[in-house]
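Working notes for the structure below.
There are 2 protein chains.
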Amino acid sequence: MEYKELNLPSRTIMTPGPVEADPRVLRALSTPIIGQFDPQFLNIMDETSDLLHYVFQTENKRAFPVDGTSRSGIEAVLTSIIEPGDKVVVPVFGRFGYLLTEMVDRAGGETYLMEAEWGNVFDPQDVITKIKQVNPKVVAVVHGETSTGRLQPLKEIGEFCRENDILLVVDAVATLGGVEFKTDEWNVDAVITGTQKCLAVPTGMAPLTYNDRIERILLKRKKIERGLSMEAQNDRKIQSNYFDLSQIQDYWSPDRLNHHTESTTMLYALREGLRVIKEEGIENRIKRHTKHGKALSIGLKAMGVELFGEEQNKMPVVTIVKVPEGISEQAVRQIMLNEFGIEIAGAFGPLKGKVWRIGSMGYSSRKNNILHVLGALESTLTYFGVKVNKGDAAQAALEYYLEVDNPVVRTS
Amino acid sequence: MEYKELNLPSRTIMTPGPVEADPRVLRALSTPIIGQFDPQFLNIMDETSDLLHYVFQTENKRAFPVDGTSRSGIEAVLTSIIEPGDKVVVPVFGRFGYLLTEMVDRAGGETYLMEAEWGNVFDPQDVITKIKQVNPKVVAVVHGETSTGRLQPLKEIGEFCRENDILLVVDAVATLGGVEFKTDEWNVDAVITGTQKCLAVPTGMAPLTYNDRIERILLKRKKIERGLSMEAQNDRKIQSNYFDLSQIQDYWSPDRLNHHTESTTMLYALREGLRVIKEEGIENRIKRHTKHGKALSIGLKAMGVELFGEEQNKMPVVTIVKVPEGISEQAVRQIMLNEFGIEIAGAFGPLKGKVWRIGSMGYSSRKNNILHVLGALESTLTYFGVKVNKGDAAQAALEYYLEVDNPVVRTS
Chain C
290 MEYKELNLPS
300 RTIMTPGPVE
310 ADPRVLRALS
320 TPIIGQFDPQ
330 FLNIMDETSD
340 LLHYVFQTEN
350 KRAFPVDGTS
360 RSGIEAVLTS
370 IIEPGDKVVV
380 PVFGRFGYLL
390 TEMVDRAGGE
400 TYLMEAEWGN
410 VFDPQDVITK
420 IKQVNPKVVA
430 VVHGETSTGR
440 LQPLKEIGEF
450 CRENDILLVV
460 DAVATLGGVE
470 FKTDEWNVDA
480 VITGTQKCLA
490 VPTGMAPLTY
500 NDRIERILLK
510 RKKIERGLSM
520 EAQNDRKIQS
530 NYFDLSQIQD
540 YWSPDRLNHH
550 TESTTMLYAL
560 REGLRVIKEE
570 GIENRIKRHT
580 KHGKALSIGL
590 KAMGVELFGE
600 EQNKMPVVTI
610 VKVPEGISEQ
620 AVRQIMLNEF
630 GIEIAGAFGP
640 LKGKVWRIGS
650 MGYSSRKNNI
660 LHVLGALEST
670 LTYFGVKVNK
680 GDAAQAALEY
690 YLEVDNPVVR
700 TS
Chain V
290 MEYKELNLPS
300 RTIMTPGPVE
310 ADPRVLRALS
320 TPIIGQFDPQ
330 FLNIMDETSD
340 LLHYVFQTEN
350 KRAFPVDGTS
360 RSGIEAVLTS
370 IIEPGDKVVV
380 PVFGRFGYLL
390 TEMVDRAGGE
400 TYLMEAEWGN
410 VFDPQDVITK
420 IKQVNPKVVA
430 VVHGETSTGR
440 LQPLKEIGEF
450 CRENDILLVV
460 DAVATLGGVE
470 FKTDEWNVDA
480 VITGTQKCLA
490 VPTGMAPLTY
500 NDRIERILLK
510 RKKIERGLSM
520 EAQNDRKIQS
530 NYFDLSQIQD
540 YWSPDRLNHH
550 TESTTMLYAL
560 REGLRVIKEE
570 GIENRIKRHT
580 KHGKALSIGL
590 KAMGVELFGE
600 EQNKMPVVTI
610 VKVPEGISEQ
620 AVRQIMLNEF
630 GIEIAGAFGP
640 LKGKVWRIGS
650 MGYSSRKNNI
660 LHVLGALEST
670 LTYFGVKVNK
680 GDAAQAALEY
690 YLEVDNPVVR
700 TS
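If you read the sequences in order, they're chains C and V. Residues in the first sequence are numbered from 290 upward in steps of one, following my numbering. Residues in the second sequence are numbered from 290 upward in steps of one, following my numbering.
Structural data, given as structure tokens:
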């Protein structure tokens, strides 16, 4: 078999990730390799850490990526702080909450589960009541659940945890850089994100930040690497070398203690993605994501399709559409992809086959993408015989855009 | 502070990795993102797996990358097969052997250590004797130790392990794609490599392959992910979700069971790097690496500097040079980097400050790089007052090249 050079079709990606990378990030990816201890590379590491502090809105000492996809960062935090028998409260309101329980379980922790019906989130007071009952070491929760398109309010939970010396770990994979997230103000002890969503960078790194409360645990669990000392032992040692944050933080400190070989190209991309965010300004970026999410919802409602989930805690960057009765959700996605070159997502678990998930994240969160996806969905549904308000979706979104962006006087 | 677009100096990288990526790989990195379940992306996954089979020279069912740097792949294999109390023999002849013991230890295994003086490797019979004494479940060993530049012969060890139903796990991070490695012929049960060395791809993925003997263990340790079933339990479950090969192999199988979000861009790069290897031909590529390694050694000897380590088991892709007495190894590397733009490496542990490590791997394994590094080292040593045979190094390498590549008749 002969293998040819990559020759991929053009795609408009309107899923909850991976989404389109900013073209400036794509360009940065082609930058030639420099060595991991080259002073110029160390400089890129420092700049990336600075920029992460900006995006996480934190004064924490530590902010760096783990070299792996989003879940690698979540596992790094949980496995580094959870010891056998530790109690962890996990409020679950969608698929990725269950992933947290999976990781707690594998780290030897005891999960105290709360489950909300898919489409809802928790009243913070209910979470606090559960925390009071359990008195856990850690509360681990997802901020934005892409499986249901819902956003969990965190401020009150954070306040209670801090007052009671409980650690709050948040999976902000789907929100950071597109939805308001205030690490310090909300008293979040550790936050993990992904690159392939609102940061508009390809998948493959998991930026995270944590504070001194987390670091104190890491230092107690630290073990000198074999090779430096074969005798070193620590009964509380972290069960992974790759995810040992006590070692990774040394690599990212001025000591530069060797751990893994930092992923050169992905770091170029992450730095560029963060630089672009700084240039846009984090508040402007969040406003942009809010605006395009709103335009999408307005358009879909005008089309006459039904949105899923309670409106109040909807993620601005994920919009969930109920599949009209009698049609195949997969067939619609196939037409969208093959004819329009637009990718939207199906669903997991109880929602599988019942909804589509439309993302508007990162570089994909822009006017032309929103207008295209509305037009394509309308055409496709019409093709399958669904009765929609023809022409209304794009028109409603267009009117919204012209109103908020650039009020023009129409000539009659 | 203002952050500008990346603007990096041009570097010639002659370290044992990360080395220069093939320019075709750099171009592939800029390819726009497509979704992880896009049929075109699934096709790239399949092609990458096929190409990995070619490079690993194996008929194994499984060959795929773990999304992380090289050591993530090693940890994935060890943590997926080693259970608490399992005996593991680890013959250590340099720094990266100790890393294996570190990972065995964290997975709960019992390490039975063998140590060779740095610069030597093991007589396979001595390893076999140790294996007979211990009767371990696993033997874990490094193929090429970049810390010492030595290559461990594996064939006899593999034969003995297979006959006695012991698993052989090999770290071929520094050798695969540049040095002969025959997974099936040598009876290796699991092999892990890195992208940033002889594959000429940036750091960030850990391709691996394993056979049915390994897979049988994975299947016994498999646990259904929470979210699908909260009740599912397995007392032998793998302690990591991210490194759970029983799950990752399902993601890479036709079932495409969701695990992580595959790192799009790095997979583009890996596929292109492997495609380029197939085009060159694995045997030709190994010959090329051997040739340039030999040219480098010939040049260095002609210069009058001393090489480190026994000649017989020298890695063709790493050449270790003793630092002449009375000069600072670091100062030499600084001049090389800042004035010539050439990076060579220092050393670890007992060799720190005493040797330089010069790599000739992947795209960096080429004529002009070898001739440049010889010239630059000669100039730099001369600058520091070391007596070298001026002009002889490049001349000797040049003569070797002209002889083996393209015998020309000199006009007098």
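Note that the Cβ used here is the ideal one computed from N, Cα and C, for glycine as well. Predicted model, so just to flag it, every value in this text is computed and none were measured.
Please classify C/Leu-517: is it buried, with 16 or more other beta-carbons within 10 angstroms of its beta-carbon, or exposed? Mapped onto the first sequence, residue 517 of chain C falls at position 228. C/Leu-517 is exposed by the Cβ-count criterion.
I'd like to know whether the C-beta of C/Arg-395 is nearer than 8 Å to at least one C-beta of chain V. For the purposes of this step, residue 395 of chain C is taken as residue 106 along the first sequence, with counting starting at 1. Answer yes: the Cβ-Cβ gap between C/Arg-395 and chain V drops below 8 Å somewhere.
Check the C-beta distance from V/Leu-402 over to V/Val-381 and give it rounded, since I have them as a contact under 8 Å. Along the second sequence, one-based indexing puts residue 402 of chain V at 113. Along the second sequence, one-based indexing puts residue 381 of chain V at 92. Contact holds; Cβ gap of about 6 Å.
Is the shortest distance between the beta-carbon of C/Tyr-557 and the beta-carbons of chain V less than 8 Å? In the first sequence, the residue the question calls residue 557 of chain C occupies position 268. Closer than 8 Å: yes.
Neighbourhood of C/Ala-616 by C-beta distance below 7 Å, restricted to the same chain and skipping five residues each side: For the purposes of this step, residue 616 of chain C is taken as the residue at position 327 of the first sequence. According to the sequence shown, residue 616 of chain C is Ile rather than Ala. Within the same chain, C/Ile-616 has close Cβ partners Phe-673 and Val-675.
Would you decide whether C/Asp-524 is buried or exposed? Buried here means 16 or more other CB atoms lie within 10 Å of its CB. Sequence index remark: in the first sequence, residue 524 of chain C carries index 235 (1-based). By the 10 Å Cβ count, C/Asp-524 comes out exposed.
I need the boundaries of the alpha helix (DSSP H) containing C/Phe-345, first residue and last residue. Here residue 345 of chain C corresponds to residue number 56 of the first sequence, with the count starting at 1. Where C/Phe-345 is concerned, the enclosing alpha helix (DSSP H) stretches over 328–345.
Examine chain C for any beta-carbon lying closer than 8 Å to the beta-carbon of V/Glu-364, and answer yes or no. By one-based count along the second sequence, residue 364 of chain V stands at place 75. Output row for V/Glu-364: interface = yes.
Taking only three categories from DSSP, how would you classify C/Thr-435? In the first sequence, residue 435 of chain C corresponds to position 146, counting from 1. The answer is coil: DSSP assigns C/Thr-435 none of H, G, I, E or B.
Name, please, each residue of chain A whose Cβ falls closer than 7 Å to the Cβ of V/Glu-406. Absence of chain A from the displayed structure is noted, the protein chains being C and V.
Rounded C-beta distance between C/Pro-354 and C/Ala-495? I'm assuming under 8 Å. Residue 354 of chain C sits at position 65 when you count from the first residue of the first sequence. Residue 495 of chain C sits at position 206 when you count from the first residue of the first sequence. C/Pro-354 to C/Ala-495, Cβ: 6 Å. Contact.
C/Gly-642 CB to nearest chain V CB: under 8 Å? To locate residue 642 of chain C, count along the first sequence from 1; it is residue 353. Judged by the 8 Å Cβ criterion, C/Gly-642 is not in contact with chain V.
In chain C, which residues lie with their C-beta within 7 Å of the C-beta of V/Met-403? On the second sequence, position 114 is the one that residue 403 of chain V refers to. Neighbours of V/Met-403 on chain C: none; closest Cβ ~12 Å, over 7 Å.
Measure from the C-beta of V/Asn-530 to each C-beta in chain C and report whether the shortest distance is under 8 Å. The residue labelled residue 530 of chain V in the question sits at position 241 within the second sequence. Chain C contact via Cβ: present.
Residue of V/Ile-633, V/Leu-691 and V/Ser-668 minimising C-alpha distance to V/Pro-307: What you label residue 307 of chain V is simply residue 18 of the second sequence in a count that begins at 1. Closest option to V/Pro-307, Cα to Cα, is V/Ile-633.
Beta strand (DSSP E) segments (min. 3 residues) lying fully within the region 635–668 of chain C: 644–648
Specify the secondary structure class of V/Ile-527 as computed by DSSP and reduced to three states. Start at 1 with the first residue of the second sequence, and residue 527 of chain V comes out as number 238. Coil.
Shorter than 8 Å from the beta carbon of V/Thr-301 to some beta carbon of chain C? One-based indexing of the second sequence puts residue 301 of chain V at position 12. By this cut-off, V/Thr-301 is not an interface position.
Does the region 541–550 of chain V touch the region 410–419 of chain V, meaning 3 or more C-beta pairs lie closer than 8 Å? Pairwise C-beta distances place the region 410–419 of chain V out of contact with the region 541–550 of chain V, as fewer than three of them are shorter than 8 Å.
Within 8 Å (strictly less), CB to CB, does V/His-549 reach chain C? Here residue 549 of chain V corresponds to residue number 260 of the second sequence, with the count starting at 1. Flagged as an interface residue toward chain C: V/His-549, by a C-beta distance shorter than 8 Å.
Please confirm whether C/Phe-629 and C/Ala-682 have their CB atoms less than 8 Å apart. In the first sequence, counting from the first residue as 1, residue 629 of chain C sits at position 340. In the first sequence, counting from the first residue as 1, residue 682 of chain C sits at position 393. In this structure, C/Phe-629 keeps its C-beta atom at 8 Å or more from the C-beta atom of C/Ala-682.
Same chain, Cβ closer than 6 Å to C/Val-431, neighbours up to 5 away in sequence not counted: Position 142 of the first sequence, counting from 1, holds the residue named residue 431 of chain C. These residues qualify, in order along the chain: Phe-385, Gly-386 and Asp-460.
Which whole-angstrom value describes the C-beta separation of C/Gly-651 and C/Ala-489, a residue pair presumed to lie in contact below a C-beta threshold of 8 Å? Taking the first sequence and counting its residues from 1, the one referred to as residue 651 of chain C is at position 362. Taking the first sequence and counting its residues from 1, the one referred to as residue 489 of chain C is at position 200. About 3 Å; that satisfies the 8 Å criterion.
How is V/Leu-507 classed by DSSP in three states: helix, strand or coil? Translated into the one-based positions of the second sequence, residue 507 of chain V becomes position 218. Helix at V/Leu-507.
So that I know if they touch, is there some Cβ in chain C lying closer than 8 Å to that of V/Arg-564? Counted from its first residue, the second sequence places residue 564 of chain V at position 275. Taking Cβ atoms only, chain C reaches closer than 8 Å to V/Arg-564, which makes this a yes.
Check whether the Cβ of C/Met-392 lies closer than 8 Å to any Cβ atom in chain V. As a working mapping, residue 392 of chain C is identified with position 103 in the first sequence. It does: the Cβ of C/Met-392 has a partner Cβ on chain V nearer than 8 Å.
Chain C residues whose Cβ lies nearer than 9 Å to that of V/Lys-526: Indexing the second sequence from 1 puts residue 526 of chain V at position 237. Here the neighbours are Asp-394 and Arg-395.
What number of angstroms, rounded off, separates the C-alpha of V/Leu-585 from the C-alpha of C/Asp-454? Counted from its first residue, the second sequence places residue 585 of chain V at position 296. Counted from its first residue, the first sequence places residue 454 of chain C at position 165. The alpha-carbon atoms of V/Leu-585 and C/Asp-454 are separated by roughly 60 Å.
What are the residues in the region 315–327 of chain C lying within 8 Å of chain V by C-beta distance? Leu-315, Arg-316, Ala-317, Leu-318, Ser-319, Thr-320, Pro-321, Ile-322, Ile-323, Gly-324, Gln-325 and Asp-327
Rounded to a whole number of angstroms, what is the C-alpha to C-alpha distance between V/Leu-340 and C/Glu-291? Walking along the second sequence from the start, residue 340 of chain V turns up at place 51. Walking along the first sequence from the start, residue 291 of chain C turns up at place 2. Their backbone Cα atoms lie some 10 Å apart in a straight line.
With H, G and I counted as helix, E and B as strand and the rest as coil, what does DSSP make of C/Leu-388? Along the first sequence, read from residue 1 onward, the residue named residue 388 of chain C stands at position 99. Helix, per DSSP.
Does C/Leu-585 come out as helix, strand or coil in the three-state DSSP assignment? Numbered from 1 along the first sequence, position 296 holds the residue referred to as residue 585 of chain C. The answer is helix: DSSP assigns C/Leu-585 an H, G or I state.
Do C/Gly-438 and C/Thr-464 have their C-beta atoms within less than 8 Å of each other? Translated into the one-based positions of the first sequence, residue 438 of chain C becomes position 149. Translated into the one-based positions of the first sequence, residue 464 of chain C becomes position 175. No, the Cβ-Cβ distance between C/Gly-438 and C/Thr-464 is not below 8 Å.
At least three beta-carbon pairs within less than 8 Å, the region 362–379 of chain V to the region 481–488 of chain C: no
So for C/Ile-609, helix, strand or coil by DSSP? To locate residue 609 of chain C, count along the first sequence from 1; it is residue 320. Strand.
Should C/Lys-567 be flagged as near chain V, meaning a C-beta pair shorter than 8 Å? Position 278 of the first sequence, counted from the start, is the residue given in the question as residue 567 of chain C. Yes - at least one Cβ of chain V is within 8 Å of the one on C/Lys-567.
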